[in-house]
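**Student:**
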Amino acid sequence: GIPGLYVTEDPGAADKSAQTGNLSLRLGLGWAKSHRFYTGQTPTLKYNRSLMQAILHDRLPIGKIVNATVITLDEAPTGYADFDKGVAKKFVIDPHGTVMKKAA
3 GIPGLYVTED
13 PGAADKSAQT
23 GNLSLRLGLG
33 WAKSHRFYTG
43 QTPTLKYNRS
53 LMQAILHDRL
63 PIGKIVNATV
73 ITLDEAPTGY
83 ADFDKGVAKK
93 FVIDPHGTVM
103 KKAA
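For the sequence shown, the numbering used here begins at 3 and goes up steadily by one.
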């Protein structure tokens with residue numbers, strides 16, 4: 003799949019297609035191999051509890067997996083502002099310091 007957030011338009015995107023909300027795909031090989039294409043929201047409720055438990059119990063090192071920057075709740079407005087600017091960063095908001103304690 004091609005996971006991600008696709009919006010109707012992003013004027014700050016890197017190329018013209020992304021600026022207008024278009025995603026170009028070559029479907030020829032997909033048809034030949036009978037792939038299925040789905041759209042819609044990811045069923046996060048199906049995975050979020052087990053994923054969070056795996057992260058909190060050190061079974062998944064989130065910082066290495068997603069190259070995320072762990073921020074406090076007080077830093078969240080700055081993280082959201084960076085996201086709105088299109089900064090190539092991923093943030094994990096850690097309101098209780100749980101992830102930071104595990105990393106120390």
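For each residue, glycine too, the CB sits at the ideal point set by N, CA and C.
Nearest-angstrom Cα distance between Val-94 and Lys-87?
**Tutor:** Cα to Cα, the separation comes out at about 17 Å.
**Student:** State the Cα-Cα distance for the pair Gly-23 and Arg-51, rounded to the nearest angstrom.
**Tutor:** One C-alpha to the other measures close to 32 Å.
**Student:** Below 7 Å CB to CB, which residues in the same chain sit around Leu-75 once its five sequence neighbours on both sides are set aside?
**Tutor:** Result list for Leu-75: Ile-95 and Pro-97, in chain order.
**Student:** Once DSSP output is grouped into helix, strand and coil, what is the label at Val-101?
**Tutor:** In this structure, Val-101 counts as helix in the three-state DSSP scheme.
**Student:** Does DSSP classify Phe-93 as helix, strand or coil?
**Tutor:** Strand.
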